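Here the structure is laid out as structure tokens; the discussion comes afterwards.
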């Protein structure tokens with residue numbers, strides 16, 4: 001149980017285009033999902049917390065207009081990188097909480113974004 | 001504020017050697033503590049967790065004990081295998097379910 005998927009696993013796009021990454025909880029409902037960014041050989045940086053049916057909460061320094069997050073259902077959250085630039089190239093990972101009274105996050109496999 | 005510090009890697013061991021990866025934390029309140037493992041090109045997988053002082057988390061031969069007095073959560077395994085080669089992250093979760101990760105420790109196990 002507690003499986004989180006991400007799609008796509010790998011995407012290459014041209015500079016200036018937008019890219020959407022999906023995060024799905026496959027066997028549970030996730031009221032809260034998180035989006036992280038991981039640079040090579042570094043730890044995870046929390047970008048935002050996504051709650052179903054409400055606006056995402058962004059961490060300090062993360063541009064909310066550039067990284068659009070939508071949590072439209074209890075099993076799906078999307079991250080859209082708008083007007084992508086090469087510096088946005090990174091490994092994006094989502095995670096989800098399995099319930100309200102739990103503190104264990106289950107992570108998706110990640111999406112490798114390369115902006116040319 | 002909350003933070004996690006773990007030993008820098010890489011750690012290189014021979015198969016069947018004993019493993020310790022140190023992790024210490026700073027936190028307000030009563031955090032839960034976690035170890036996650038990341039294999040190349042993949043996301044993080046929960047390895048083990050502990051939710052209160054003196055709890056021991058264990059899984060797949062790995063174990064870690066929540067030590068409040070030393071604010072530590074060191075990861076240990078008695079006999080590592082080549083398949084254990086990965087990056088290991090120590091993390092804490094605060095009372096608001098926000099995670100704080102250590103910088104990760106890469107483990108290389110040689111046959």
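Residue numbers (this note's numbering), protein chains in the order written: chain Z, 1 to 116; chain C, 1 to 111.
Ideal Cβ positions, reconstructed from N, Cα and C, are used throughout, including at glycine.
These numbers were taken from a predicted model, which means no experiment stands behind them.
Outcome for residue i when other beta-carbon atoms lying within 10 angstroms are tallied against a minimum of 16
{"i": "residue 18(C)", "result": "exposed"}
{"i": "residue 20(C)", "result": "exposed"}
{"i": "residue 53(Z)", "result": "exposed"}
{"i": "residue 105(C)", "result": "buried"}
{"i": "residue 27(Z)", "result": "exposed"}
{"i": "residue 12(Z)", "result": "exposed"}
{"i": "residue 28(C)", "result": "exposed"}
Where residue i sits in the DSSP three-state scheme
{"i": "residue 58(C)", "result": "strand"}
{"i": "residue 3(Z)", "result": "coil"}
{"i": "residue 15(C)", "result": "coil"}
{"i": "residue 83(C)", "result": "helix"}
{"i": "residue 87(Z)", "result": "helix"}
Residue i to residue j span [Cα, whole Å]
{"i": "residue 77(Z)", "j": "residue 38(Z)", "result": "18 angstroms"}
{"i": "residue 66(Z)", "j": "residue 110(Z)", "result": "19 angstroms"}
{"i": "residue 30(Z)", "j": "residue 56(Z)", "result": "14 angstroms"}
{"i": "residue 36(C)", "j": "residue 24(Z)", "result": "20 angstroms"}
{"i": "residue 48(Z)", "j": "residue 40(Z)", "result": "20 angstroms"}
{"i": "residue 31(C)", "j": "residue 14(Z)", "result": "42 angstroms"}
{"i": "residue 59(C)", "j": "residue 16(Z)", "result": "45 angstroms"}
{"i": "residue 75(C)", "j": "residue 32(Z)", "result": "28 angstroms"}
Beta-bridge pairing of residue i - partner residues as DSSP gives them
{"i": "residue 112(C)", "result": "This structure does not reach residue 112(C), given that chain C is present from 1 up to 111, and the question cannot be answered."}
{"i": "residue 33(Z)", "result": "50(Z) and 96(Z)"}
{"i": "residue 100(C)", "result": "92(C)"}
{"i": "residue 42(Z)", "result": "The partner list for residue 42(Z) (beta bridge, DSSP) is empty, contrary to what the question assumes."}
Subject >> Segment contact, 8 angstroms Cβ cut-off, at least three pairs: the segment 49 to 59 of chain C with the segment 94 to 101 of chain C >> reply: no
Original post:
Quick check: the segment 78 to 90 of chain C against the segment 5 to 16 of chain C, are there 3 or more CB pairs under 8 angstroms?
Top reply: yes
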